[in-house]
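Below is one structure, written out as structure tokens; the observations come after it.
There are 2 protein chains.
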Amino acid sequence: MKVKVLQNILDANTQMAQKNQRLLDNHRILALNIMASPGAGKTSLILKTIARLKDKTRIAVIEGDIASTIDADRISDQGVAVVQINTGGGCHLDANMVENALNNLKLNEIDLLFIENVGNLVCPAAFRLGEHKRVVLLSVPEGDDKPIKYPMMFTESEAVVINKTDLMPLLDFDLDAFKRKVIGLNPDVEIFQLSAKTGQGLDPWLSWLEAELKSLRA
Amino acid sequence: MKVKVLQNILDANTQMAQKNQRLLDNHRILALNIMASPGAGKTSLILKTIARLKDKTRIAVIEGDIASTIDADRISDQGVAVVQINTGGGCHLDANMVENALNNLKLNEIDLLFIENVGNLVCPAAFRLGEHKRVVLLSVPEGDDKPIKYPMMFTESEAVVINKTDLMPLLDFDLDAFKRKVIGLNPDVEIFQLSAKTGQGLDPWLSWLEAELKSLRA
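Quick mapping for you: the protein sequence lines, in order, are chains C and Z. If you read the first sequence in this note's numbering, its first letter stands for residue 982, the second for the next number, and so on. If you read the second sequence in this note's numbering, its first letter stands for residue 982, the second for the next number, and so on.
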């Protein structure tokens, strides 16, 4: 019975996610669902990407948090449209929350939409939002064993961003082992390694975004 | 309706947690629920504590993970009794899982029980397991804003451990601001700051554990 209820919730969420994606497609908006543990650098990556792309790409952000508007405030300071979702304790965004947020954005003025999920390496993986690509960040201090311990997140994502590479020399992080584990779970995944703090390694990530934007408009 | 179902689940869990705590009390076992984001250093802190206390204290560990036995293997290598719980996707331990694990431990041979929860700064806060103390780890690379974004975890815990202090000089972590936020949420909380990697700052943590063990046996 318990499993059945959960299945119904997931089915309803998937239908709403498909509706969101059709709305985004109609407006030719590329939407990315950004997922990670707390403090892995989701907001920092979004901010750095805004700084580099905002002159040629119209960007908006949906910010998901349990509580507070800290991250939304940081993004709004960059002159980018942002809608805050507070889940009030919920451990992930769902498609219904994102639909409400989309209703509060001027969709005709957006090319690229970041949806920053709640900091959590578990729950967000089970809920589609209507995004075109799912991106999981893994920061170097978290350790290279995370794909084994939290496999669903790495299996379900189209891109993995290894963040905080500036700390790599100080920590026991086996980059090759990490990549092997990720590719073992998800052979077609894109892997980027960068430091959102220093900006090092950002170019391949930006090129990928631009190629995805181009292919959506082709 | 949805809220009511959740409330029933939480009530049933609380009753099972109380049953677990009575069982632990009968055996004079001090049980700690260790919670944190993925990669914050829960296993490392447990391992360091085992190394320092195992000659005078009989320690056992219940390891909670979505998948894998990596952490349980590391602990078993130290000659300590360990039971692995794989939640199979679930984002937190619950009291029922812990009851099953307790049935697989020799309770007459344990003084101190660590229950390492799934790496998650959200869901574990809502589920009591039967523990005497709840401990949340926050690693310095996660940032000092986490109590604002994930308040329940900091409100519900009896102790906060700031881990990876060896990285503090390299990162923008405002220790005073972090402590102020934690104390604002939870004025009576114990706060420790240490590096499980280097061992620096471990003594106050160990003294607290020993005092708690003593008071349980008084």
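In this text, a Cβ means the ideal position worked out from N, Cα and C, and glycines have one as well.
- Across the structure, Z:L1074 and Z:G1045 are spaced so that their CA atoms are roughly 7 Å apart.
- As far as DSSP is concerned, C:N994 takes part in no beta bridge.
- Residues of chain C with a Cβ closer than 9 Å to the Cβ of Z:G1100 are, in chain order, S1018, L1102, V1103, E1123, K1127, K1130 and Y1131.
- For C:S1120, the neighbours in chain Z by C-beta distance under 9 Å run, in chain order, G1020, P1122 and E1123.
- For Z:K1145, the closest Cβ of chain C is nearer than 8 Å.
- Taking every protein chain shown into account, the CB of C:A993 has fewer than 16 other CB atoms within 10 angstroms, so this residue is exposed.
- Interface flag for Z:G1070 against chain C is set, since a Cβ pair is found closer than 8 Å.
- Around Z:S1120, the same chain offers A1021, G1022, N1144 and K1145 as residues with beta carbons nearer than 6 Å, after the five sequence neighbours per side are excluded.
- Residue pairing of Z:V1042 in beta bridges, as defined by DSSP: Z:V1063 and Z:F1095.
- Note that the segment 1031-1043 of chain C touches the segment 1075-1095 of chain C; at least 3 beta-carbon pairs, one per stretch, sit closer than 8 Å.
- Assignment of C:F1135 by DSSP, reduced to helix, strand and coil, places it in the helix class.
- Chain-ordered, the chain Z residues with CB closer than 8 Å to the CB of C:I1047 read V1103, K1130, Y1131, P1132 and M1133.
- Following the DSSP letters along the chain, one finds Z:A1140 inside the beta strand (DSSP E) bounded by residues A1140 to N1144.
- Boundaries of the alpha helix (DSSP H) harbouring C:N1077: A1076 to L1083, taken from the DSSP string.
- In terms of beta-carbon proximity, Z:I1051 lines the interface with chain C, with at least one pair separated by less than 8 Å.
- Cα atoms of C:T1038 and C:L1152: separation of roughly 36 Å, rounded to the nearest angstrom.
- Under the 10 Å beta carbon count, C:S1188 is surrounded by fewer than 16 other beta carbons and is classified as exposed.
- The beta-carbon separation of Z:I1066 and Z:A1082, rounded to 6 Å, stays under the 8 Å limit for a contact.
- Closest option to C:Q1059, judged by alpha-carbon separation, among C:N1084, C:I1031 and C:L1086: C:I1031.
- Looking at C:P1019, C:A1017 and C:E1080, the one whose alpha-carbon comes closest to that of C:E1112 is C:E1080.
- For C:V1103, DSSP records no beta bridge to any residue.
- In the DSSP assignment, no residue is bridged to C:V1170.
- A Cβ-Cβ contact shorter than 8 Å links C:V1117 with C:M1134.
- The alpha-carbon of C:L1175 is positioned some 48 Å away from that of Z:K1195.
- A check of alpha carbon separations from C:T1050 across Z:I1129, Z:Q1181 and Z:V1141 identifies Z:I1129 as the nearest.
- If you ignore the 5 residues before and after C:D1155, its C-beta comes within less than 6 Å of the C-beta of D1125, all in its own chain and listed in chain order.
- Excluding its 5 nearest sequence neighbours in each direction, C:C1072 has C-beta neighbours in its own chain below 7 Å: V1099, N1101 and C1104, listed in chain order.
- In the DSSP annotation of this structure, the continuous segment of the alpha helix (DSSP H) that includes Z:L1183 starts and ends at L1183 to R1198.
- Contact annotation, Z:L1197 with Z:R1033: C-beta distance approximately 19 Å; criterion of less than 8 Å not satisfied.
- Where Z:K1114 is concerned, the enclosing beta strand (DSSP E) starts and stops at K1114 to S1120.
- In this structure, Z:E1123 lies away from Z:S1057, with their beta-carbon atoms at least 8 Å apart.
- With contacts defined as CB atoms closer than 8 Å, C:L1088 and C:H1008 qualify as a contacting pair.
- Counting along the chain, the unbroken beta strand (DSSP E) around C:A1012 starts and ends at L1011 to M1016.
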